[in-house]
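K.L.:
Pasting a structure here, questions to come.
In my numbering, the protein residues as written are 35 to 432.
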């Protein structure tokens, strides 16, 4: 197939949707498909050969984070040219409601369109306001994907329609085969605990983790907390909250993909203290793949990824005391930790890119088949039947 993929967020700054688009493109190319990606990027940003820049992005507050987006006449012109020259069998837009090249490509494309929805909200005034403006363009979508049940529920509640759930992908073996680094490897008396995420985004929960540190150190004094991620506020927050104990918290800065895998394969536990706005939890799957025991807030998305607590320990969201109790109990129980890691290693296989790409390609085929349905056959009926079949197959694979 000739596949055009549109990413709404800039490749200048790493993020979950960008990584998803990058890895899906790489997997499709490896299978012999022709792939072009359209995404915001500065002119001096190193990008893959298959990526076309939609223009320079600007930071916008969105869903408790800062998203880098581009939208306007220049981006529209570049998007129109990209769609026209691509001659795509299918255009795959991510987050089509976001003011971005994704929304523009959806307006412009006149062939089969697949849309993936990543975001999860309980309530969103912005989506409610936007719906009348985007309703007509959403009707052009041939098939919809949601990366989690939470993202699917957001779509159903705010925009109507439905979607097949296909999770974010991970190269499981890359993390499973990563070698531990002695700098980050713990011992029974000095276990290591990792956190990855933007340090200056409150919903990532670093403050919750830092608030739990004193209680963990009271129980296991040698514990080391390894904090990886970009942002300037973390060290100051640690010193303010922990005083002399701030030395137990080490800030590693941003990590390469290889170093991230080595870190997760080295530590005794990975902490995901996010407080909301999470539709999936890709870093949980990465940590599980690498063999780290996961301790996560009991958000719905995290609970589902962790098999309701069988593949990782859950604590009450935002409750630093419960986080400390849960982490200490897990660090003191190596047998439970090992059993949890073994179960997690089985669970993560459903998220491997090999399985995820099979499902995405099935949706592409459904979209193309619906476009070319025989005269007299209702394409919406065909899509419904194929959607049911995709859900049945996805359920069997899990």
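C-beta atoms are modelled at their ideal positions from N, C-alpha and C, and glycine is treated no differently.
Can you tell me which of 296, 245, 279 and 383 puts its alpha carbon nearest to the alpha carbon of residue 262?
P.N.:
Mapped onto the chain shown, residue 262 falls at position 228. Among 296, 245, 279 and 383, the Cα nearest to that of residue 262 belongs to 296.
K.L.:
Below 8 Å, can you find three or more Cβ-Cβ pairs linking the stretch 325–339 to the stretch 367–384?
P.N.:
Output reads yes: the stretch 367–384 touches the stretch 325–339.
K.L.:
Who are the near neighbours of residue 179 in its chain, counting only those whose CB is closer than 8 Å to its CB and skipping five residues on each side?
P.N.:
Walking along the chain shown from the start, residue 179 turns up at place 145. 148, 149, 150, 151, 197, 198, 199, 200, 394 and 397, listed in sequence order.
K.L.:
Keeping to the same chain, check which residues put their C-beta closer than 8 Å to that of residue 465; ignore five residues upstream and five downstream.
P.N.:
Missing from the structure shown is residue 465; the chain here goes from 35 to 432 and no further.
K.L.:
Could you give the DSSP three-state label for residue 386: helix, strand or coil?
P.N.:
As a first step, residue 386 must be located in the chain shown, where it is residue number 352. If DSSP states are grouped into helix, strand and coil, residue 386 belongs with the strands.
K.L.:
According to DSSP, is residue 286 part of a helix, a strand, or is it coil?
P.N.:
As a position in the chain shown, residue 286 is number 252, starting the count at 1. Three-state result, residue 286: strand.
K.L.:
Can you name the residues that DSSP bridges to residue 226?
P.N.:
Taking the first residue of the chain shown as 1, we reach residue 226 at position 192. 258, per the DSSP bridge assignment.
K.L.:
Give the C-beta separation of residue 274 and residue 298 to the nearest angstrom, bearing in mind that I take them to be a contact with Cβ-Cβ under 8 Å.
P.N.:
Taking the chain shown and counting its residues from 1, the one referred to as residue 274 is at position 240. Taking the chain shown and counting its residues from 1, the one referred to as residue 298 is at position 264. Contact flag wrong, Cβ pair sits at about 28 Å.
K.L.:
What are the partner residues of residue 349, as DSSP defines its beta bridges?
P.N.:
The residue given as residue 349 occupies position 315 in the chain shown. Its beta-bridge partners are 331.
K.L.:
Which of helix, strand or coil does DSSP assign to residue 104?
P.N.:
For this step, residue 104 is matched to residue 70 along the chain shown. It is coil, neither helix nor strand.
K.L.:
For residue 44, does the three-state DSSP call read helix, strand or coil?
P.N.:
The residue labelled residue 44 in the question sits at position 10 within the chain shown. If DSSP states are grouped into helix, strand and coil, residue 44 belongs with coil.
K.L.:
From this set, 49, 334, 276 and 126, which residue's C-alpha is nearest residue 185's C-alpha?
P.N.:
For the purposes of this step, residue 185 is taken as residue 151 along the chain shown, with counting starting at 1. Answer by Cα proximity: 334.
K.L.:
For the alpha helix (DSSP H) that contains residue 190, what are its first and last residues?
P.N.:
Here residue 190 is taken as the residue at index 156 of the chain shown, counted from 1. Element bounds for residue 190: 183–193.
K.L.:
Using C-beta distances below 6 Å, list every residue in its chain close to residue 345, excluding the 5 sequence neighbours before and after it, in chain order.
P.N.:
By one-based count along the chain shown, residue 345 stands at place 311. Cβ within range, chain order: 377, 378 and 381.
K.L.:
Within the continuous alpha helix (DSSP H) that includes residue 53, where are the two ends?
P.N.:
Position 19 of the chain shown, counted from the start, is the residue given in the question as residue 53. Residue 53 -> alpha helix (DSSP H) spans 50–64.
K.L.:
Rounded to whole angstroms, what is the Cα-Cα separation between residue 408 and residue 339?
P.N.:
Within the chain shown, the letter at position 374 stands for residue 408. Within the chain shown, the letter at position 305 stands for residue 339. Any answer about residue 408 is weak, because its pLDDT of 46 lies below 50 and its placement is not dependable; what the coordinates show is given next. About 40 Å.
K.L.:
Among 401, 139, 267 and 77, whose alpha-carbon lies nearest the alpha-carbon of residue 42?
P.N.:
In the chain shown, the residue the question calls residue 42 occupies position 8. Of 401, 139, 267 and 77, the residue nearest in Cα terms is 139.
K.L.:
Give a yes or no on whether the C-beta atoms belonging to residue 331 and residue 306 are separated by under 8 Å.
P.N.:
Working through the chain shown from its first residue, we reach residue 331 at position 297. Working through the chain shown from its first residue, we reach residue 306 at position 272. Yes, the Cβ-Cβ distance between residue 331 and residue 306 is below 8 Å.
K.L.:
With 16 as the cutoff for other CB atoms within 10 Å, does residue 56 come out buried or exposed?
P.N.:
Here residue 56 refers to the residue found at position 22 when the chain shown is read from its first residue. So residue 56 counts as buried.
K.L.:
For residue 205, does the three-state DSSP call read helix, strand or coil?
P.N.:
Working through the chain shown from its first residue, we reach residue 205 at position 171. Residue 205: coil per DSSP, three-state reduction.
K.L.:
Between which residues of its own chain and residue 365 is the CB-CB distance below 7 Å, once the five residues before and five after are set aside?
P.N.:
If you number the chain shown from 1, residue 365 lands on position 331. Result list for residue 365: 225, 254, 302 and 303, in chain order.
K.L.:
Could you tell me how far apart the beta carbons of residue 44 and residue 91 are, in whole angstroms, since I believe they sit closer than 8 Å?
P.N.:
Locating residue 44 in the chain shown gives position 10, counting from the first residue. Locating residue 91 in the chain shown gives position 57, counting from the first residue. With a Cβ gap of about 4 Å, residue 44 and residue 91 count as contacting.
K.L.:
Take residue 215 and list the residues in its own chain whose beta-carbon comes closer than 6 Å to its own, dropping the five residues that flank it on each side.
P.N.:
Residue 215 sits at position 181 when you count from the first residue of the chain shown. Excluding sequence neighbours, residue 215 sits near 296 and 300.
K.L.:
Taking the DSSP output, what are the residues bridged to residue 87?
P.N.:
If you number the chain shown from 1, residue 87 lands on position 53. DSSP output for residue 87 lists 73 as bridge partner(s).
K.L.:
Use the C-beta contact count for residue 313: other C-beta atoms within 10 angstroms, 16 or more gives buried, fewer gives exposed.
P.N.:
Residue mapping note: residue 313 aligns to position 279 of the chain shown, counting from 1. With 16 or more Cβ atoms within 10 Å of its Cβ, residue 313 is classed as buried.
K.L.:
State the Cα-Cα distance for the pair residue 73 and residue 267, rounded to the nearest angstrom.
P.N.:
In the chain shown, residue 73 corresponds to position 39, counting from 1. In the chain shown, residue 267 corresponds to position 233, counting from 1. So the two alpha carbons sit approximately 29 Å from each other.
K.L.:
According to DSSP, simplified to helix, strand and coil, what is residue 178?
P.N.:
Residue 178 sits at position 144 when you count from the first residue of the chain shown. DSSP places residue 178 in strand when its eight states are reduced to three.
K.L.:
Does the separation of the CB atoms of residue 68 and residue 39 fall below 8 Å?
P.N.:
Residue mapping note: residue 68 aligns to position 34 of the chain shown, counting from 1. Residue mapping note: residue 39 aligns to position 5 of the chain shown, counting from 1. Contact flag unset, no.
K.L.:
Just curious, the alpha helix (DSSP H) that residue 377 is in, first and last residue?
P.N.:
Residue 377 sits at position 343 when you count from the first residue of the chain shown. Looking at the DSSP string, the run of the alpha helix (DSSP H) that includes residue 377 is 368–381.
K.L.:
Identify, in the order they occur along the chain, each residue of the same chain with its Cβ nearer than 8 Å to the Cβ of residue 63, setting aside the five sequence neighbours on each side.
P.N.:
On the chain shown, residue 63 is found 29 positions in, with the first residue counted as 1. Counting only Cβ-Cβ distances below 8 Å, and skipping sequence neighbours, we find 69 and 84.
K.L.:
Could you tell me if residue 294 is buried or exposed, where buried requires 16 or more neighbouring beta carbons within 10 angstroms of its beta carbon?
P.N.:
In the chain shown, the residue the question calls residue 294 occupies position 260. Residue 294 comes out buried.
K.L.:
Going by other Cβ atoms of all chains shown within 10 Å of its Cβ, with 16 needed for buried, is residue 170 buried or exposed?
P.N.:
The residue you call residue 170 lines up with position 136 of the chain shown. Looking at its Cβ environment, which holds fewer than 16 other Cβ atoms inside 10 Å, residue 170 is exposed.
K.L.:
Would you grab the beta carbon distance between residue 123 and residue 37 for me? Rounded to a whole angstrom, and I think it's under 8 Å.
P.N.:
Position 89 of the chain shown, counting from 1, holds the residue named residue 123. Position 3 of the chain shown, counting from 1, holds the residue named residue 37. Contact flag correct, Cβ pair sits at about 7 Å.
K.L.:
Over what stretch of residues does the alpha helix (DSSP H) that includes residue 142 continue unbroken?
P.N.:
Position 108 of the chain shown, counted from the first residue, corresponds to residue 142. Taken as a continuous stretch (DSSP letters only), the alpha helix (DSSP H) holding residue 142 covers 135–142.
K.L.:
Counting only the same chain and skipping the five closest in sequence on each side, list residues whose C-beta sits under 6 Å from that of residue 243.
P.N.:
Locating residue 243 in the chain shown gives position 209, counting from the first residue. Hits under 6 Å: 229, 305 and 307.
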